[in-house]
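Residue numbers (the numbering used here), protein chains in the order written: chain R, 1 to 586; chain E, 587 to 1172.
Some notes on the structure that comes next.
2 protein chains.
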Amino acid sequence: MNILSRHLPILEWGRTYDRTVLSNDLMAAVIVTIMLIPQSLAYALLAGLPPVVGLYASILPLVFYAIFGTSRTLAVGPVAVVSLMTASAAGAVADQGTAQYLEAAITLAALSGIMLAILGLLRAGFLANLLSHPVISGFITASGILIATSQLKHILGVQAGGDNWPDMLASLASAIVDTNPWTLAVGIPATLFLFWVRKGAKPALQVIGLPKRAAEMTAKAGPVAAVALTILAVLAFDLDGRGVNLVGAIPQGLPPFAVPSTDLSLIEKLWVPALLISIIGFVESVSVAQTLAAKRRQRITPDQELIGLGAANIASAFSGGYPVTGGFARSAVNFDAGAQTPAAGAYTAIGIALATLFLTPLLFSLPVATLAATIIVAVLSLVDLKTPGRLWRYSKADFAAHAATIGITLWAGVELGVIAGVAVGLLLYLWRASRPHAAIVGRVPETEHFRNVDRHRVFTVPHVLSIRIDESLTYLNARWLEEYVLERVAERPKLRHVILMCSAVNEIDASGLESLEAINHRLADGNIGLHLSEVKGPVTDRLKRTHFLDDLHGRIYLSQDRAFVELAKDDGLDTAPIDDLARGMI
Amino acid sequence: MNILSRHLPILEWGRTYDRTVLSNDLMAAVIVTIMLIPQSLAYALLAGLPPVVGLYASILPLVFYAIFGTSRTLAVGPVAVVSLMTASAAGAVADQGTAQYLEAAITLAALSGIMLAILGLLRAGFLANLLSHPVISGFITASGILIATSQLKHILGVQAGGDNWPDMLASLASAIVDTNPWTLAVGIPATLFLFWVRKGAKPALQVIGLPKRAAEMTAKAGPVAAVALTILAVLAFDLDGRGVNLVGAIPQGLPPFAVPSTDLSLIEKLWVPALLISIIGFVESVSVAQTLAAKRRQRITPDQELIGLGAANIASAFSGGYPVTGGFARSAVNFDAGAQTPAAGAYTAIGIALATLFLTPLLFSLPVATLAATIIVAVLSLVDLKTPGRLWRYSKADFAAHAATIGITLWAGVELGVIAGVAVGLLLYLWRASRPHAAIVGRVPETEHFRNVDRHRVFTVPHVLSIRIDESLTYLNARWLEEYVLERVAERPKLRHVILMCSAVNEIDASGLESLEAINHRLADGNIGLHLSEVKGPVTDRLKRTHFLDDLHGRIYLSQDRAFVELAKDDGLDTAPIDDLARGMI
């Protein structure tokens, strides 16, 4: 594959594009468009931006992802968690509703797009590995709780604030006396309706005679129905005059040409959140894309995905949008509706553009409470209460990373939450890596196998110590290795030979080598030999480029068994206890 | 061992203290005291502090290390690299010679002491592992170059500055025209004499009849001879009047009671350098202590060493000193001179205290150039020019970390240098950990061994794929595992069974488990079985606590051979090619 077609996947699928594919893609695009309109408005609200910004972020980014992305079915656009992170980052530099706030959001999209594209060109997708599953799921659960809580004020029709969960709850509690009953009368039914749509709509539609697939697709239009019904309710009962907060005028027309800020002091404040938005967005998007690709035995290329998402975010910035990424729900709908190529995303973009041109006047009377209900129902499905217990039972370290992420995200916000999760995960990993597993092994009678002396009945001799090291020797455990070996040696006064069984040693870095050299010198001082057995080919090749093998006060054996049998005979006694030895070795 | 004697090693060795040990310790203390006086003055100069501060830092810290430390022979006090780091950190908040500068140095000692003690109580000594050997040696080489360069101005008798190497060289180059010839006439011979003392003094003293050991010990007093000779030269030739910079009046008397600053804005600026000083100091000290302990088959406890060094630094802060740690040269002298317990350190402290009380007037006429010569000769031995080439040949990744540390330390200073070294080392480690080694294996004919198909002539069948994974399954490589397995499967349309050979898998964390589950589901969709072989006991125990084994579309086999033999028979054909199979399996 040449460089052009690696970075432009459209050249691949574009060649075989025919009428069948076109009609499948068009069908999926119609369904996703219907789903995406209320979602875009709602997530813009969550990000603290004018609703139309959500629509802008759902037009050009989709086209650019279609050109550069490798997933055939990923649907890109505003998503809940990234919207929350945008609100947090932009809120730190400007007040909601100001031009500076909008500029910060646009700049975040630009920075995030540039970072993603650079990471992609550097093939640095592996950085996303720093987010372990427990950290990601903890972060998503905590974000879901934060988002749902932040939307309650719209359901109640009150003013409330707070950047973290305790503040939000306190602010809500003190504002609850001002609850607007008319807003509540819209918000509660809308929320209940949307919850029902998620679970109950499909079976109900099948009962009234729709085929299964049609029922499934129709149910996805639930939010649109909620939008339409609540608009009608506003008009019918004059809710505008009764204090119900409405979306109001949305500017009509195609996205404007916007320019991100080049103010260095603003960029200095936004680059860390932009990096976190990039990584969280990338991880979410890649997980979705991989899951869907695997179902059709297709493949995605993570490094090229970085470039696709980077292009989408840069496009978002220049068309007045805010950070976007691949969303789970809408991608699944796109997939189920039969989308076959990224062109479906481009058609969706046309659908949203048409809505921006012609539909926005109809949304004037849409209650904000309806959008809040959409968000609450969407994010509560992200809250996963089973994972903590499962992790606790399986791995305390993973539980610690998960719990730290949830706790710090709720109490100190999304940015510190992610950073703390990564830091805790990494520290626990490094802690374990710094004290790896090793075992003293002996020979299983009547075999050539060597097993842990603590777990099996095996044969050993007092003047030979066989240590199996179950990890590569790197700088993280080099110090441990010295301590471990020398302590074991100190316990055994009769010792003449130490064999390090290296069957699980895939690498010895420079620090590991220095530790081996130190062990060799110290053992040599006590006239004890150091031998290595079962060293892998690539490891031996590298050791041969050093002085270590010349200085080694001992030998390298191909097999542990050979080493043990040969060294066991050298017990320093004149009369070798051949019989004993032979008995153990049969 | 109870908690008291674990944290107070003095209780251990104090019980067996007798007259022989006392006389050995006293002898060592005398020699170390003679060596330490010029060193303390010189390193205080390097740290930009009044010379007496170096003496203060060599009294109480030694006593507190003797109580809390675990090394029998470590000699604590001011050292070159930590002095340089102190100068860099204190210089960032105040000008040299001001009370604020001294306060910053004292506060650094207090912060560093508290951090070391806390790390010790948390048993977080493993954090020092983050500094790999290539990073440490790169840092020490670059520090040696920086320190030697910073002292050249004292040899030349000029004013020069600069925080990094290019600035230092530029500043020296423009100041060289002001060179004071009388200072040079002291500095050059002092430097040459001290270089000669290092190499040539011992043989020369033996030639004139001293026994080997006495010659060795007398040679260590070389710096004292340089001090005495240059003081005499100053007095004889009235060098004071000729512009030679002298140490001048040193306050007489015991260390004052000092109080570190509790100003939060100062602490905010100093905590990062204090942490770096703590870690670098700890690593240097522990390496020295371990090397010496091993020579006498003694042991040190790294976590208790943290507490010992923490106590020493807190004591330094409260007695007007600056950050201290265990030094290599003086510990080796202490060891060679026969020190047997930490009490030798306490006797050294008494020696230095006596010097502070009575000797300081004699040092009035000591040229600063002599101290600079002491420093230059001491640190140039730290510069290691062989390591870069050795690392380049052995491991490009280790070379990269080494080179980055040297380059960034020289060009951006000691703090950024250490941070960059740790970051580069960690990123390279994580990068490798995220794409571990794995191999497709086949059966070596006439054995039960399975080896890499690319390296050996082995037997395989097209409907069974055996993959040996040479690493624990953790979140860093979970994504890689999914990609690797699914790609290999996609290449093999006839496949019916995948066996993951887990002989090198020491751990499966929650992310690794999720990836195994995902692989299992995707293979099951394609009607391919997933089997594990040679799973270690502890790993199996943990897997049993999950649903994974119930959901597994396959089996766990104790041995890879058993798995292969059994699954190879299930090729989905009515007539099994038993003959072929049998041939490969003989």
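The beta carbon of each residue, even a glycine, is placed where N, CA and C say it ideally should be.
ask   = How long is the line joining the alpha carbons of Leu1067 (chain E) and Pro50 (chain R), rounded to whole angstroms?
value = Start at 1 with the first residue of the second sequence, and residue 1067 (chain E) comes out as number 481. Start at 1 with the first residue of the first sequence, and residue 50 (chain R) comes out as number 50. The straight-line gap from Cα to Cα measures roughly 43 Å.
query = Which residues mark the beginning and the end of the alpha helix (DSSP H) in which Ser698 (chain E) is found?
reply = One-based indexing of the second sequence puts residue 698 (chain E) at position 112. Note, Ser698 (chain E): alpha helix (DSSP H), 685 to 707.
task = At 8 Å on the CB atoms, spell out the chain R contacts of Tyr1015 (chain E), in chain order.
result = As a position in the second sequence, residue 1015 (chain E) is number 429, starting the count at 1. Simply Thr474, Tyr475, Leu476.
ask   = Quick one: which chain E residues come within Cβ less than 8 Å of Arg133 (chain R)?
value = Taking the first sequence and counting its residues from 1, one reaches residue 133 (chain R) at position 133. According to the sequence shown, residue 133 (chain R) is His rather than Arg. Here the neighbours are Tyr1061, Ala1064, Ala1096, Ser1097, Glu1100.
ask   = Looking only at DSSP bridge pairs, what is Thr602 (chain E) linked to?
value = The count along the second sequence starts at 1 and reaches residue 602 (chain E) at position 16. When beta bridges are read from the DSSP output, Thr602 (chain E) appears opposite no residue.
ask   = From Lys1155 (chain E) to Leu371 (chain R), what distance separates their C-alpha atoms?
value = Taking the first residue of the second sequence as position 1, residue 1155 (chain E) is located at position 569. Taking the first residue of the first sequence as position 1, residue 371 (chain R) is located at position 371. Between Lys1155 (chain E) and Leu371 (chain R), the C-alpha separation is close to 59 Å.
task = Check the Cβ-Cβ distances between His531 (chain R) and every residue of chain C, and say whether any is below 7 Å.
result = Protein chains R and E are contained in the structure displayed, whereas chain C is not.
key: Contact set between Ser395 (chain R) and chain E, taken where Cβ atoms lie within less than 8 Å   = On the first sequence, residue 395 (chain R) is found 395 positions in, with the first residue counted as 1. Ordered by position in chain E, the residues that pass the 8 Å Cβ test against Ser395 (chain R) are Asp1095, Ala1096, Arg1128.
message = When you compare the CB of His1023 (chain E) with every CB in chain R, is at least one pair closer than 7 Å?
response = Against the second sequence, residue 1023 (chain E) aligns to sequence position 437. Nearest CB-CB separation between His1023 (chain E) and chain R: below the 7 Å threshold.
query = Ordered along the chain, which non-local residues of its own chain (more than five positions away) have a Cβ less than 7 Å from that of Leu977 (chain E)?
reply = Residue numbering aside, residue 977 (chain E) sits at position 391 when the second sequence is read from its first letter. For Leu977 (chain E), where only same-chain residues beyond five positions count, the Cβ hits under 7 Å are Pro720, Asp984, Phe985, His988.
inquiry  = Which residue marks the beginning of the alpha helix (DSSP H) containing His1117 (chain E), and which one marks its end?
reply    = Mapped onto the second sequence, residue 1117 (chain E) falls at position 531. Per DSSP, His1117 (chain E) belongs to no alpha helix (DSSP H); it is in the beta strand (DSSP E), 1115 to 1119.
query = Does any CB atom of chain E fall closer than 7 Å to the CB of Leu391 (chain R)?
reply = As a first step, residue 391 (chain R) must be located in the first sequence, where it is residue number 391. Residue contact check for Leu391 (chain R) against chain E: a CB pair falls below 7 Å.
message = Rounding to the nearest angstrom, what Cα-Cα distance links Trp599 (chain E) and Thr927 (chain E) in this structure?
response = Taking the first residue of the second sequence as 1, we reach residue 599 (chain E) at position 13. Taking the first residue of the second sequence as 1, we reach residue 927 (chain E) at position 341. Taking the straight line joining both Cα atoms gives about 7 Å.
query = Is Ile893 (chain E) helix, strand or coil when you go by DSSP?
reply = Translated into positions along the second sequence, residue 893 (chain E) becomes position 307. It is helical.
request  = Using a Cβ-Cβ cut-off of 7 Å, state whether His1139 (chain E) counts as contacting chain R.
outcome  = The residue given as residue 1139 (chain E) occupies position 553 in the second sequence. Chain R contact via Cβ: absent.
Beta-carbon proximity check, Pro664 (chain E) vs Ala696 (chain E), cutoff 7 Å = Locating residue 664 (chain E) in the second sequence gives position 78, counting from the first residue. Locating residue 696 (chain E) in the second sequence gives position 110, counting from the first residue. No, they are not a contact pair.
query = Whose C-alpha, out of R:Gly97, R:Met217, R:Asn506, R:Pro367, is nearest the C-alpha of Ala1019 (chain E)?
reply = Position 433 of the second sequence, counted from the start, is the residue given in the question as residue 1019 (chain E). Nearest option by C-alpha distance: R:Asn506.
Partner residues on chain R for Thr1132 (chain E), Cβ-Cβ distance less than 7 Å = Counted from its first residue, the second sequence places residue 1132 (chain E) at position 546. Chain R residues near Thr1132 (chain E): Tyr394.
ask   = To the nearest angstrom, how far is it from the Cα of Ala219 (chain R) to the Cα of Lys212 (chain R)?
value = As a position in the first sequence, residue 219 (chain R) is number 219, starting the count at 1. As a position in the first sequence, residue 212 (chain R) is number 212, starting the count at 1. If I take the Cα positions, the gap works out to 11 Å.
key: Three-state secondary structure assigned by DSSP to His437 (chain R)   = Position 437 of the first sequence, counted from the start, is the residue given in the question as residue 437 (chain R). Coil at His437 (chain R), not helix or strand.
task = For the segment 246 to 273 of chain R, list the beta strand (DSSP E) runs that are entirely contained and at least 3 residues long, ordered along the chain.
result = Those beta strand (DSSP E) runs which fall completely within the segment 246 to 273 of chain R and span 3+ residues do not exist here.
ask   = Going by other Cβ atoms of all chains shown within 10 Å of its Cβ, with 16 needed for buried, is Phe126 (chain R) buried or exposed?
value = Translated into positions along the first sequence, residue 126 (chain R) becomes position 126. Classification of Phe126 (chain R): buried, given that the 10 Å Cβ count is 16 or more.
request  = For the segment 963 to 979 of chain E and the segment 839 to 851 of chain E, state whether three or more C-beta atom pairs, one from each stretch, are separated by less than 8 Å.
outcome  = no
message = Check this for me: beta carbons of Ser917 (chain E) and Ala661 (chain E), under 7 Å apart or not?
response = Translated into the one-based positions of the second sequence, residue 917 (chain E) becomes position 331. Translated into the one-based positions of the second sequence, residue 661 (chain E) becomes position 75. For the pair Ser917 (chain E) and Ala661 (chain E), the CB atoms are nearer than the 7 Å cut-off.
Residue from R:Ala28, R:Asn245, R:Asn520 whose Cα sits closest to the Cα of Ala880 (chain E) = Here residue 880 (chain E) refers to the residue found at position 294 when the second sequence is read from its first residue. Closest by alpha carbon: R:Asn520.
inquiry  = Distance check for Val177 (chain R) and Asp681 (chain E), CA to CA, integer angstroms please.
reply    = Sequence index remark: in the second sequence, residue 681 (chain E) carries index 95 (1-based). Sequence index remark: in the first sequence, residue 177 (chain R) carries index 177 (1-based). CA-CA distance, Asp681 (chain E) to Val177 (chain R), rounds to 59 Å.
task = Using the Cα positions of Gly1140 (chain E) and Met1087 (chain E), report the straight-line distance between them to the nearest angstrom.
result = As a working mapping, residue 1140 (chain E) is identified with position 554 in the second sequence. As a working mapping, residue 1087 (chain E) is identified with position 501 in the second sequence. Cα to Cα, Gly1140 (chain E) sits roughly 13 Å from Met1087 (chain E).
message = Is there a C-beta anywhere in chain R that falls below 7 Å from the one on Asn1106 (chain E)?
response = Mapped onto the second sequence, residue 1106 (chain E) falls at position 520. Under the 7 Å criterion on CB atoms, Asn1106 (chain E) is classed as non-interfacial with respect to chain R.
inquiry  = Going by beta-carbon coordinates alone, are Ser278 (chain R) and Leu116 (chain R) separated by less than 7 Å?
reply    = Stepping through the first sequence from its first residue, residue 278 (chain R) is reached at position 278. Stepping through the first sequence from its first residue, residue 116 (chain R) is reached at position 116. Contact flag set, yes.
query = Is it true that the segment 355 to 374 of chain R meets the segment 31 to 48 of chain R, where meeting means three or more beta-carbon pairs spaced less than 8 Å apart?
reply = Taking 8 Å as the limit for Cβ pairs, the verdict is that the segment 31 to 48 of chain R does touch the segment 355 to 374 of chain R.
Among E:Ile620, E:Pro595, E:Ala676, the one whose alpha carbon lies nearest that of Ala939 (chain E) = What you label residue 939 (chain E) is simply residue 353 of the second sequence in a count that begins at 1. The shortest C-alpha separation from Ala939 (chain E) is found at E:Ile620.
message = Does the CB of Asp1147 (chain E) have a neighbour CB from chain R at under 7 Å?
response = Position 561 of the second sequence, counted from the start, is the residue given in the question as residue 1147 (chain E). For Asp1147 (chain E), the answer is no, since every Cβ of chain R falls outside 7 Å of its Cβ.
request  = For the beta strand (DSSP E) holding His497 (chain R), just list the boundary residues, first then last.
outcome  = Within the first sequence, numbered from 1, the residue matching residue 497 (chain R) stands at position 497. Its beta strand (DSSP E) spans residues 497 to 501.
ask   = Got a sec, what are the start and stop residues for the alpha helix (DSSP H) Asn477 (chain R) sits in?
value = The sequence position of residue 477 (chain R) within the first sequence is 477, counting from 1. Residues 475 to 490.
request  = Could you please give me the residues that DSSP links to Gly326 (chain R) through a beta bridge?
outcome  = Taking the first residue of the first sequence as 1, we reach residue 326 (chain R) at position 326. In the DSSP output, where bridge partners are listed per residue, Gly326 (chain R) has R:Val76.
request  = Rank E:Ile886, E:Arg1054, E:Arg658, E:Asp753 by C-alpha distance to the C-alpha of Ala479 (chain R) and give the top, closest one.
outcome  = Translated into the one-based positions of the first sequence, residue 479 (chain R) becomes position 479. Checking the sequence, you will find Arg at residue 479 (chain R) rather than Ala. Closest by alpha carbon: E:Ile886.
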